[in-house]
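Undergrad: Here the UniProt record's numbering is used: the first residue of the sequence shown is 1, the next is one more, and so on.
Built from N, CA and C at the ideal position, the CB exists for glycine as well.
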Amino acid sequence: MESAQLQAYTYKTLPTPDNTLDDIPLRTNCPLDDGRPSDGSTQQQQPLGSLDVFLPDEVILAILPRLDVLSLSTFRRVNRRAMGLVDCLHEYRTMRRHFPDVLRAILSIRATHFDTATLFDTLCTERCSGCAGRNFGSHLYLITCERVCQPCFTSRRRFFPISGVVDRHGVDPDVVDLDRLPRVLSVPGTYTAICLRVRKRVVLYDLETLVDRAAIQRSGDGDTLRLDRLDLEDKEPRRYMGVISAPYFTERGRRAYWGAYCALCVDAACVEPSYKIKYTETGLGRHMMEWHGVDVDEEKVGRRDLGPYHCPQTALP
């Protein structure tokens, strides 16, 4: 599909943002160090203690991608030697060039239950994990590092994290080690399309993992799981607190493609298929033919642009 055709039938953004981690000022709240080791050293070469004694650089570089992003960032700040090693990693270098906000988001919410290599591999995949790959996975669910489309992370129980699990949802801490469950610490801010303001940080646990480990106990009558107390609507801010939009890395990171919205669906506010689904170039061509009867290879029209959108904020306690 030619660039002019792609611009004619797509929008890069929606008129009403979903307000996920994309809309938190990550660059201000979590600036990356950009070459400043924590020891303030200025020398290019400094030893790494036992690592330099026992391990060659090739082995260290093979180990580093198996660290989570928080640990890798901490190691990078030891001195300039550590910084140089981390900056040699293809995975880290590529994410920092194409998608630095994912590093800021992970550091901000302390998502430590997956390593850097897993994160990079996920960015190199295209399809949503929640709908059997039917849609392009335009977002990352950072609690478990999965690609998701907008309809999935706003509606499926699988991507509804829960908080206060011990008190409200009947989790027995003697049955499951909560510290070993995938979890994040939310960031205060504005979430959801109706702009709900959340002022406190809360620990969010991955619901699917809790269910899989039988950590949620049955309520007093023995018949009903306490999951029935959950509000699963798409207006619940917790659905958005661990999600960020993400590009698709092609050729192992040589290029990053963010996807685009179908302009015809957005203009009509389509429900089926949802106008909030993003498409790759190939996927857009199939979608236009199947749902709108338009062969984009034969059409020539002008570019569409969206104007600014401002929404009021509704405060939560």
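#1: How many angstroms separate the CA atom of leucine 196 from the CA atom of alanine 62?
#2: With respect to the beta strand (DSSP E) encompassing threonine 250, which residues constitute its N-terminal and C-terminal limits?
#3: Hey, out of Arg238, Tyr261, Pro100, Pro15, whose CA is closest to isoleucine 162's CA?
#4: Considering just the uninterrupted stretch of the alpha helix (DSSP H) at threonine 94, what are its terminal residues?
#5: What's the gap between the Cα of proline 17 and the Cα of leucine 55?
#6: With distances taken from CA atoms, which of Lys276, Tyr240, Thr116, Tyr205 is nearest threonine 20?
#7: So, for histidine 113: in the same chain, excluding its five sequence neighbours on each side, which residues have a beta-carbon less than 6 Å away from its beta-carbon?
#8: Arginine 110 by DSSP, collapsed to three states: which one?
#9: Pick out whichever of Leu204, Glu236, Val184 has its Cα sitting closest to the Cα of isoleucine 194.
#10: With cysteine 149 as the anchor, note down where its alpha helix (DSSP H) starts and where it stops.
#11: At the level of alpha carbons, what is the spacing between cysteine 88 and glycine 293?
#12: Using three-state DSSP, classify arginine 238 as helix, strand or coil.
#13: Going along the chain, which residues of its own chain have a beta-carbon closer than 8 Å to the beta-carbon of alanine 132, five neighbours each way excluded?
#14: Any chance the stretch 261-271 sits against the stretch 103-121, with 3 or more Cβ pairs inside 8 Å?
#15: What three-state label does DSSP hand isoleucine 162 in the structure shown?
#16: Can you give me the C-alpha to C-alpha distance between aspartate 212 and aspartate 206, rounded to a whole angstrom?
#17: Per DSSP, what kind of secondary structure is arginine 27 in: helix, strand or coil?
#18: Strictly by DSSP, which residues pair up with glycine 189?
#19: Roughly how many angstroms separate the alpha carbons of proline 317 and serine 274, rounded to a whole number?
#20: Closest to cysteine 128 by C-alpha separation, out of Ser245, Ala256, Cys265, would be which residue?
#21: Taking the continuous alpha helix (DSSP H) assigned at isoleucine 277, which residues delimit it?
#22: Going by beta carbon distance, what residues of the same chain come within less than 6 Å of phenylalanine 75, once the five residues before and after it are set aside?
#23: From Lys276, Phe160, Val243, pick the residue whose C-alpha is nearest to that of threonine 190; which is it?
#24: To the nearest angstrom, report how far apart valine 53 and phenylalanine 249 are at their CA atoms.
TA: By the coordinates alone:
#1: 43 Å
#2: 248-250
#3: Arg238
#4: 90-98
#5: Here the C-alpha atom of proline 17 lies approximately 48 Å from the C-alpha atom of leucine 55.
#6: Checking every option, the nearest Cα to that of threonine 20 belongs to Tyr240.
#7: Pro182
#8: coil
#9: Glu236
#10: If you look at cysteine 149, you'll find it isn't in any alpha helix (DSSP H); DSSP assigns it neither H nor E.
#11: 48 Å
#12: Here DSSP, grouped into helix, strand and coil, assigns arginine 238 to helix.
#13: There are no such residues.
#14: no
#15: DSSP places isoleucine 162 in strand when its eight states are reduced to three.
#16: 10 Å
#17: helix
#18: Val198
#19: For proline 317, the predicted structure reports a pLDDT of 35, less than 50, and the residue's modelled location is therefore unreliable. The matter cannot be settled from this model.
#20: Ser245
#21: Unbroken run through isoleucine 277: none, as it is neither H nor E.
#22: Ala82
#23: Val243
#24: 36 Å
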